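Below is one structure, written out as structure tokens; the observations come after it.
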Amino acid sequence: MRLRVNLILLAVAASYLGACAPAAMPTPTPVVQQVIRTPAYEDLVKTWFDGYLQVSPDSFISLVTQPPETALASLEDGTGDVIIGGLTPPADWFATPLCEDGIVVVVHPDLRVRDLSIDELAAIFTGRLSSWDSLADVDLQIQPVIPPPGDEIRAAFQSTVMSRQRFTNNALLGPTPVAVLQLVDENEGAIGLLPFSAIGEKVRPIRVEGILPGPTTIHDGRYPLPISILAIAPQEPSGEVRTWLAWLQSELLESSQ
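The sequence shown maps to residues 2 to 258 in this note's numbering.
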């Protein structure tokens with residue numbers, strides 16, 4: 002009889018505890034992580050992300066586009082999670098390579114220019130050479146078209162080709178690769194700079210030091226104007242951004258083989 006009483010008391014206690022238990026907590030809303038792309042690589046990163054959405058349609062990653070200086074500030078104040086572009090990371094930041102790209106030089110379609118040396122490019126973009134007469138056998142003013150200050154394509158070209166000399170004040174500014182292409186197309190004497198990944202099928206870049214930019218010449222290092230696309234952040238990304246970057250590196254590695 003004593004055993005029966007104990008069992009009844011346990012049943013009553015269990016019932017009481019169940020009535021006092023807190024209600025089930027709702028499933029927390031996943032945190033949306035922000036991936037910042039620079040204007041130079043806006044379209045390329047969107048293409049990469051669209052591929053990821055095919056395998057992970059419920060992604061909680063948000064893509065935004067910001068110029069490099071703004072993007073770096075966003076990561077420093079915590080509003081962004083990672084930057085993808087051709088930027089050199091600040092000291093002690095996390096950085097992981099995604100792929101190699103090239104800085105390509107394009108000219109107006111009517112210009113008979115197919116190859117320029119590093120020295121000739123430096124003379125053109127510093128303004129020391131202002132006419133196509135000696136290079137294309139045409140009496141036409143050279144019209145450089147360059148990305149805005151802070152852009153990684155501009156900075157890399159200035160470092161590699163111009164020994165950090167200033168660009169000519171006569172250069173036109175194209176804030177995006179699309180804008181550069183449009184300005185080159187509209188100006189008969191134009192010559193512009195943009196990433197290889199943004200040239201599309203209708204644009205024919207010129208050779209630099211006899212080397213035509215392309216996936217093979219960029220990958221094997223023969224093309225003399227390389228730039229690396231990196232994912233950078235103050236610390237190693239976590240959550241879905243980390244998952245996406247791992248997926249992306251795997252996809253890019255497979256496609257390059």
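Idealized CB from N, CA, C, for every residue including glycine.
Just so it is clear, the structure is predicted and the values come from calculations on it, not from any experiment.
Same chain, Cβ closer than 7 Å to residue i, neighbours up to 5 away in sequence not counted
i	result
Leu-10	Per-residue confidence for Leu-10 stands at a pLDDT of 32, beneath the threshold of 50, marking its modelled position as unreliable; the derived number appears in the next sentence. Excluding sequence neighbours, Leu-10 sits near nothing in its chain.
Range of the contiguous beta strand (DSSP E) that encloses residue i
i	result
Phe-95	95-108
Pro-227	227-234
Leu-194	191-196
Three-state secondary structure (DSSP) of residue i
i	result
Pro-58	coil
Arg-38	strand
Ala-12	In this prediction, Ala-12 has a pLDDT of 37, which is less than 50 and means its spatial position is unreliable; nothing more can be read from the coordinates.
Val-204	coil
Ser-131	coil
Asp-111	coil
Ala-22	Annotation note: pLDDT 48 at Ala-22 (below 50); position unreliable, coordinate value reported separately. Looking at Ala-22 - three-state DSSP - the assignment turns out to be coil, as it is neither helix nor strand.
Thr-89	coil
Val-33	coil
Asn-7	For Asn-7, the predicted structure reports a pLDDT of 36, less than 50, and the residue's modelled location is therefore unreliable. The matter cannot be settled from this model.
Gly-211	coil
Val-1	Because the chain in this structure spans residues 2 to 258, residue 1 falls outside the shown range and cannot be described.
Leu-117	strand
Tyr-17	Confidence is the limiting factor: at Tyr-17 the pLDDT is only 42, short of 50, which leaves the residue's position unreliable, though a coordinate-based value still follows. Looking at Tyr-17 - three-state DSSP - the assignment turns out to be helix.
Val-65	strand
Leu-45	helix
Leu-136	helix
Leu-141	coil
Neighbourhood of residue i by C-beta distance below 8 Å, restricted to the same chain and skipping five residues each side
i	result
Asn-188	His-109, Gln-144, Val-146 and Leu-173
Arg-167	Thr-127
His-220	Glu-101 and Ser-257
Presumed contact (8 Å Cβ cut-off) between residue i and residue j, rounded CB distance
i	j	result
Leu-64	Arg-38	6 Å
Pro-106	Pro-206	For the sequence presented, residue 106 should be read as Val rather than Pro. Contact flag correct, Cβ pair sits at about 6 Å.
Thr-97	Ala-232	5 Å
Ala-41	Gly-86	6 Å
Ser-261	Leu-141	Within the shown structure, residues of the chain are numbered from 2 to 258, placing residue 261 beyond reach of any answer.
Leu-184	Val-204	Going by Cβ atoms, the distance from Leu-184 to Val-204 rounds to 13 Å, so no, they are not a contact pair.
Glu-101	Ser-229	6 Å
Val-46	Ile-62	About 11 Å; that fails the 8 Å criterion.
Ala-199	Asp-51	With 8 Å as the limit, Ala-199 and Asp-51 do not qualify as a contact, their Cβ atoms being about 16 Å apart.
6 Å Cβ shell around residue i - same chain, five flanking residues per side excluded
i	result
Phe-95	Ala-234, Gln-236 and Glu-237
Thr-1	A question about residue 1 goes unanswered here, because the residues of the chain that appear run from 2 up to 258.
Thr-218	Ile-212 and Tyr-224
Val-83	Val-36, Ala-232, Ala-234, Pro-238 and Val-242
Residue range of the alpha helix (DSSP H) that includes residue i
i	result
Ile-147	Taken as a continuous stretch (DSSP letters only), Ile-147 belongs to no alpha helix (DSSP H), being part of the beta strand (DSSP E) at 144-147.
Val-181	178-187
Gly-240	240-257
Ser-75	69-77
Thr-80	Counting along the chain, Thr-80 falls outside any alpha helix (DSSP H), and DSSP gives it neither H nor E.
Pro-150	Note, Pro-150: premise wrong, no alpha helix (DSSP H); not H, not E.
Thr-218	216-220
Through-space distance from residue j to residue i, alpha-carbon basis
i	j	result
Val-242	Ala-191	40 Å
Gly-151	Pro-196	15 Å
Gly-175	Ala-247	33 Å
Ser-75	Gly-81	5 Å
Thr-161	Asp-120	11 Å
Gln-258	Pro-68	32 Å
Arg-155	Pro-148	6 Å
Gly-193	Val-209	13 Å
Glu-252	Arg-113	39 Å
Phe-158	Ala-123	9 Å
Asp-59	Val-33	11 Å
Asp-186	Thr-89	31 Å
Pro-262	Glu-153	Here the chain has residues from 2 to 258 only, and residue 262 is not among them.
Leu-73	Gly-79	10 Å
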